[in-house]
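Following: one structure in structure tokens, then a few remarks.
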Amino acid sequence: MASQFSPKRILVVDDNRDAADLVAELLALHGHVTAAVYDGDAGIASAAAFAPDVVLLDLGMPVVDGFAVATAVRQLPVAVQPVLIAYSAWNDPATRNRAIESGFDDYLLKPARFDELLQRVVSTGRRSAR
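Just so you know, UniProt numbering puts 38 at position 38 of the sequence shown, and the rest follows in order with no gaps.
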């Protein structure tokens, strides 16, 4: 089931372990290199160590939420930043604005169809650090 696109390194950060593992596994079946972590602190550490092209990031996690993770990832001393995609069930304008202010590049509403999620992931490109 390999994708016709170049493989990406994708980090999935979600406190719902089953959801994170399922998304990571489905993306891996399409030829991507994936990692899944289940809290914000692990998301920050993995973004530094795994050097993902894309981070698919839940917003509503306890302790360190997705907004804080995005802000921390944007401050990592890397030459090329990953694309950050907020993946959340929250769909109000204030949350979307806060996501943009926190450094997200895109916003995907849960639950998303897998073909839409896959298209968003494969159509992204990393960006130079700010």
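Yeah, the Cβ is synthetic: ideal placement off N, Cα and C, and Gly gets one too.
| Check | Outcome |
| --- | --- |
| Let me check understanding here. Comparing Cα to Cα, which of Glu101, Ala72 and Asp53 lies closest to Gly43? | Ala72 |
| Which residue wins for smallest C-alpha separation from Arg113, given the options Val37, Tyr87 and Arg98? | Tyr87 |
| In terms of alpha-carbon separation, which member of Asn97, Ala99, Val122 and Ala89 lies closest to Leu109? | Ala89 |
| Could you check what DSSP says for Leu11 in three-state terms: helix, strand or coil? | strand |
| Over what stretch of residues does the alpha helix (DSSP H) that includes Val73 continue unbroken? | Gly66 to Arg74 |
| Can you tell me the Cβ-Cβ gap for Pro7 and Gly31, rounded? I've got them flagged as a contact below 8 Å. | 5 Å |
| Which residue comes first and which comes last in the alpha helix (DSSP H) that contains Val33? | That residue, Val33, is in no alpha helix (DSSP H); its beta strand (DSSP E) goes Val33 to Val37. |
| Answer with buried or exposed for Gln81, where buried requires no fewer than 16 other C-beta atoms within 10 angstroms of its C-beta. | buried |
| Could you check what DSSP says for Leu27 in three-state terms: helix, strand or coil? | helix |
| Using alpha carbons as the reference points, say which of Ala28, Asp65 and Val64 lies closest to Leu118. | Ala28 |
| Between Asp53 and Val13, how many whole angstroms is the CB-CB distance? I'm expecting something under 8 Å. | Going by Cβ atoms, the distance from Asp53 to Val13 rounds to 14 Å, so no, they are not a contact pair. |
| Whose C-alpha, out of Asn16, Val23 and Ala51, is nearest the C-alpha of Asp39? | Asn16 |
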